[in-house]
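Colleague: Residue numbers (UniProt numbering), protein chains in the order written: chain A, 1 to 291; chain B, 1 to 291; chain C, 1 to 291; chain D, 1 to 291.
Here a beta-carbon is modelled for each residue, glycine too, at the ideal position from N, C-alpha and C.
The structure is given below, and queries will be raised subsequently.
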């Protein structure tokens, strides 16, 4: 029942543990007026200030690598944090400059935003191999821009639950697909203004759901692409649930934990499904415009 | 306590396993602007690309038939998928052309949309016996249109939780009622734009709820009309929960699993409650208009 | 810790099982345009057509009385159902005429709506002793109108979780307070248009929560005022959960199940807390107007 | 893994049990039109009328102190309740005058609102040591205003999950950070108008989640800052769950329960992280304005 050509020898599934370090941009990209809300800003700053160090400790204890996606805006203001994460053996990856969704930009604006973040990472001196769109809101140009910059993978699209290739004018890139059901935002984000979520799920329920997903994905040869946010999962009981989840993955014995970069590297030359990335053509007036 | 005249010999309830293969139309029918959102489109394409094959494997393992409701737009673009499903012994049924709700169309527009889908199915060469309105949003004309096309059943209305007849100018049709509580959309759909849902329920909780519904329906002689979507239930842990649900139904021993068409056929000549299908007359100004 | 003067001899709490038979008015009072939505109308008609008979069977099996609150509009169209319920020994009570909230009416409009429902009940020939506002949205005039019509109780306000008296110009009435946490609407109502809810909770979780509430209320000497709706709780697994909840109440041994009328009668002459019912005076411009 | 310099000798964490006695201001601050809604007003009055006495009984039984944050508007109308709480050994603290969020006021308006509440507390004769912003919506001026009035702590910001200092022009104050995940509002608040919440979580699930948070916080040396509301947690089964939660805290043996004032006093002279409290500077046009 599985199409497991992509799996490492002996593996039934692969896990990537990823953290989007959105900090202030997680709310500023929703509404600049968020800057007037001191509590909301403090809520976001918990991520880099307390969440990241706490999660780094847990990752070190468990001896697993992770991938940290940084908006350029956040990396620019906290270069020491970026360096500390990289020095601990984790991957730093590209999460746009401003966290504003690419779907609300022109193609030129998206290119400028993308390049600006690349400049920030170059200034800090960390190598960048992959990209994730802010809010996963990739445009129809995004994979091409990723390829233009010589990055090897993207992690924003959801056509499959295992790696696939996306064809672009600049050659194919690897897609490492995330999914809403493996994101802590949908479980834990609660903030009335800007309204970024209204959920506070019991971490033990989230843990049970994600353990079951690991088990199901081992059956189908899938990629367990976990997307977490330090301002959310860095909270005490959620950090403990994260630790227990990784323990479950390690206990399985056949689910290697890889950085996105490491996984993308291993997939070079491997036969993967190939997808076009083209906007569907719509017959005029067939579908309504919500306006 | 049951009105079980409609039940097959020895059955306490009947189960229909249905899949609405909405693919892209699941979001385009909410807002044409969804076409600009590459991730959202990929999220929907997972349904036919990965979800349907995975679910077909599970159905084959369990040896149960299912009914797949296709919007004509989706069938037109994926005739091979339609044929593959039909060749596996499952029913293909009518789910409008565009998935735009009939309640937002004039009667003429609804008739044209309905006929256009019939043409698609005729071109592919699959027989069509029944219909389900997009979003279940049947109009006061819908049953009449179903009857005009010679189809024998509809599956959009909720007056009962067992089959009943709806009178139309073109003669009665059988209604096989669905319900919100037996739809995976309300459990699993999460997409911010177009905003089609904000729920990510643990599949094991959904499984527990639906198993209890099967058990309760055996007491009342009801129709367990399950409505699932491959872009949702095709995800790994949800597919496993679906498999376990069907296992529970089969273990009961007195809940036959039938296609909608097969069930409607068996009900020909059987005494069923008959309902009119007429818009309620409202006294002017008694109820407010939300505008 | 309890103020239990109101409790019947030997009782630790009292339970009232109430059903609001809103039928079509449950959605028409939100938006008259609901009449165009055939599925939504069918969804509401399930209440009187299937839900009420099913629940009457369960109540008869358990030998407990209930109170059925009818909007006059619904009673007018289904007098036989009203008579059947009354003939089974249950109470029929007043739930406005149109189910449109009193807070969106002038005082005169509310009086006319109230009187119109009284006329319907008089025509059918059922005695009326109490009232519940549509959506519990009592106005500052509502208790006075209840007293003017000679009714003895209202069940819309939430100042306490045990019976109390509300002073009105026409003399005090008894308030039998409901609460959002003991209403099935918040647990089970899901309908996108009119959007009356987005919840589909597992009935077994609702059952667990309400059993715990019964137990806690026995400690505090409270009134367990259950508000259910046949279009919701009449569904198979929910009806079974309702039956189990009543079983739990009966098993307690010290929680008598009374109709609202019976309870209000017993409270005549009993010392209860008395509350004024007066709109708070607001300093101009202190609080914002959402507009 | 902990930074536990702030913890009392032998303690792994500290718990503050706080109640925001919002009463009518909980809805009036959302919309003055709430005053027209008699049921909504009664829903809020349950807090001081029934909830507070019930919770005081539970606190007395458990022999633990709590902090009650009062909007000045509420204290002004219920001085006897304020005195009764203080006489029972609990702390009274400042929760703005009107409960209108400071982020919707000018700095001058916020100062006037703050001072007006101080006057109310002075008139009643209760000492005030700390402040919590309405809805936690502190402005960039709030800590300075707190310091200007000689108060020693604030409890509105979320940069850490242990006490820290916030620098202000008038000297540093102690921040005792709350969090959305430890507030009963997100679990229990349900009211359609004004729409202040749509959640009715099973109290036993809330209890399980908060017990796990206590346990996790003992590992990280955190402050368990519980924010509850008498109009919510004063309901029967929720009050019982609160009692069980405190029992869990006491059973731990290393989590002292302190008032906010007592904790802030103990932190005088203790080395704590220091944070600036400055609005982030935003590049023009980088982030969108939702308007």
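(1) Is there contact between the region 59-68 of chain D and the region 176-186 of chain C, where contact requires at least three CB pairs shorter than 8 Å?
(2) Exposed or buried, residue 119/B, counting other C-beta atoms within 10 Å across all chains shown (16 or more means buried)?
(3) Do we get a CB-CB distance below 8 Å when we pair residue 226/C with the residues of chain D?
(4) On the three-state DSSP scale, how would you describe residue 1/B?
(5) By Cβ distance below 7 Å, which residues in the same chain neighbour residue 78/C in space, the five residues on each side in sequence not counted?
(6) Quick one: what does DSSP say residue 131/B is sitting in, helix, strand or coil?
(7) Which residues in the same chain have their Cβ closer than 8 Å to the Cβ of residue 97/A, if we skip the five residues on either side of it in sequence?
(8) Output, in sequence order along the chain, the residues in the region 192-211 of chain C whose CB is closer than 7 Å to any CB in chain D.
(9) Can residue 264/B and residue 222/B be called in contact, C-beta distance under 8 Å?
(10) When you compare only the Cα positions, how much space is there between residue 50/D and residue 267/C?
(11) Tell me whether residue 328/B sits in a helix, a strand or coil according to DSSP, three-state version.
(12) What does residue 158/D reach in chain A if we use C-beta pairs closer than 8 Å?
(13) Look at residue 68/A and residue 93/A and say whether their C-beta atoms are less than 8 Å apart.
(14) At the level of alpha carbons, what is the spacing between residue 122/B and residue 150/B?
(15) In whole angstroms, what is the alpha-carbon distance linking residue 5/A and residue 252/B?
(16) Using a Cβ cut-off of 8 Å (strictly closer), state whether residue 16/D contacts chain A.
(17) In angstroms, rounded to a whole number, what distance separates the CA positions of residue 1/C and residue 236/A?
(18) With contact counted as at least three CB pairs below 8 Å, one residue from each stretch, are the region 192-201 of chain B and the region 137-151 of chain B in contact?
(19) Ignore the nearest five residues each way along the sequence and tell me which others in residue 206/B's own chain have a CB closer than 7 Å to its CB.
(20) Count the other C-beta atoms from every protein chain shown that fall within 10 angstroms of the C-beta of residue 9/C, then say buried if there are 16 or more, exposed otherwise.
(21) Can you give the beta carbon distance from residue 40/C to residue 191/C, rounded, assuming they're within the 8 Å contact cut?
(22) To the nearest angstrom, how far is it from the Cα of residue 43/B to the Cα of residue 185/B?
(23) Short check: CB of residue 27/D to CB of residue 169/D, under 8 Å?
(24) Alpha carbon to alpha carbon, how far is residue 166/B from residue 22/B?
(25) Return no unless some Cβ of chain D is closer than 8 Å to the Cβ of residue 95/C.
(26) What are the boundary residues of the beta strand (DSSP E) that residue 18/D is part of?
(27) Does DSSP classify residue 193/A as helix, strand or coil?
(28) So is residue 142/C buried or exposed if we call it buried at 16+ other beta carbons inside 10 Å?
(29) Where do the ends of the beta strand (DSSP E) carrying residue 105/C lie?
(30) Cβ closer than 7 Å: which chain C residues qualify as neighbours of residue 107/D?
(31) Starting from the C-beta of residue 101/C, find all residues in its chain whose C-beta is less than 6 Å away, skip the five residues before and the five after it, and write them out in chain order.
(32) Give the straight-line distance between the Cα atoms of residue 155/D and residue 53/D, rounded to the nearest whole angstrom.
(33) Would you verify that the beta carbon of residue 186/B is, or is not, closer than 8 Å to some beta carbon of chain C?
(34) By the 10 Å Cβ neighbour count, where 16 or more other Cβ atoms means buried, how is residue 279/B classified, buried or exposed?
(35) What number of angstroms, rounded off, separates the C-alpha of residue 15/B from the C-alpha of residue 256/B?
Modeller: Quick look at the numbers:
(1) no
(2) exposed
(3) no
(4) The predicted position of residue 1/B is uncertain, since its pLDDT is 40 and thus under 50; no value can be drawn from it.
(5) 48
(6) strand
(7) 71, 72, 73, 113, 114, 116, 117, 120
(8) 205, 208, 209
(9) no
(10) 20 Å
(11) This structure leaves residue 328/B out entirely; chain B is present only between 1 and 291.
(12) 39, 42, 43, 46
(13) yes
(14) 14 Å
(15) 39 Å
(16) no
(17) Any answer about residue 1/C is weak, because its pLDDT of 40 lies below 50 and its placement is not dependable; what the coordinates show is given next. When rounded, the distance between both Cα atoms is 36 Å.
(18) no
(19) 187, 241
(20) exposed
(21) 6 Å
(22) 14 Å
(23) no
(24) 26 Å
(25) no
(26) 14-20
(27) coil
(28) buried
(29) Segment: none, residue 105/C is in no beta strand (DSSP E) and carries neither H nor E.
(30) Ordered by position in chain C, no residue passes the 7 Å Cβ test against residue 107/D, which lies about 18 Å from the chain.
(31) 134, 135, 137
(32) 24 Å
(33) yes
(34) exposed
(35) 6 Å
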